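In our numbering, the protein residues as written are 211 to 464.
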């Protein structure tokens, strides 16, 4: 039986895929406004994309913003993500600062899930996972390819590596250039889910062509999907209201 991940009453890995909405404010005031708005949205999880934050390299400012977000979203599972520019994020930072930032946030007691990119030094990843787990924080090990869709074997290999490293939620997002690429992602998801995964996985094909992958995760094995409230953080994110309707419809038919 596969493991599940339960945070603040939300269980990832059972039932319909859970809906995560990103926060992309550049200032603390914008983040507070966003968090207040998200209190009115039918979502399951919030992701703070700190790479959009103008003071991302000031640890005190990051902690101040995180405290403000948590005060407003006290009962909502919170993912902390610095997405590097090489994987589609807003900025590149040094490797040392990336791991220091994530370590401090993992130890803060303010987050539930930490996103760590797969293409980093394995020793550093494992150390960060250990730190997170000691502080009751789950870890997404993620990989994003905004240029293409790797072949099925490579997608499965990356997800298996994320699992082997100790990630609680292996994740991959890829860019399709054709409908065949979308099928490749879905087939890889199904193969990983049925043959290798012992925990929830998160997969998606991005942009318009890939929207079906954000909707049909329960069929193929993806346990979480990303929706948009105001601004998107990646191409192809569906508005939350429509996303919930479709996920519920599919869930009721399975």
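Just so you know, even glycine gets a beta-carbon here, dropped at the ideal spot from N, CA and C. Keep in mind the model is a prediction, meaning the values are calculated, not measured.
Item: N-terminal and C-terminal residue of the beta strand (DSSP E) that residue 388 is part of; Value: Per DSSP, residue 388 belongs to no beta strand (DSSP E) and is neither H nor E.
Item: Among 356, 402 and 393, nearest to residue 367 - alpha-carbon criterion; Value: 402
Item: Every unbroken beta strand (DSSP E) inside the region 261-321 [3 residues or more]; Value: 288-291
Item: Residue range of the alpha helix (DSSP H) that includes residue 421; Value: 421-425
Item: Enclosing alpha helix (DSSP H) for residue 367 [first to last residue]; Value: 362-374
Item: Beta-carbon spacing of residue 424, residue 453 below 9 Å; Value: yes
Item: Closest by C-alpha distance to residue 388, when choosing among 377, 415 and 378; Value: 415
Item: Any beta strand (DSSP E) of 3 or more consecutive residues that is wholly inside the region 217-243; Value: 220-222 and 228-233
Item: Neighbour-count burial assignment, residue 296, 16 or more Cβ in a 10 Å radius; Value: exposed
Item: Cβ separation of residue 215 and residue 361, assumed to be a contact under 8 Å, to the nearest whole Å; Value: So it is not a contact: roughly 28 Å between Cβ atoms.
Item: Start and end residues, alpha helix (DSSP H) containing residue 338; Value: 332-344
Item: Reduced DSSP secondary structure (H/G/I, E/B, other) of residue 416; Value: coil
Item: C-alpha distance - residue 240 paired with residue 290, whole-angstrom precision; Value: 17 Å
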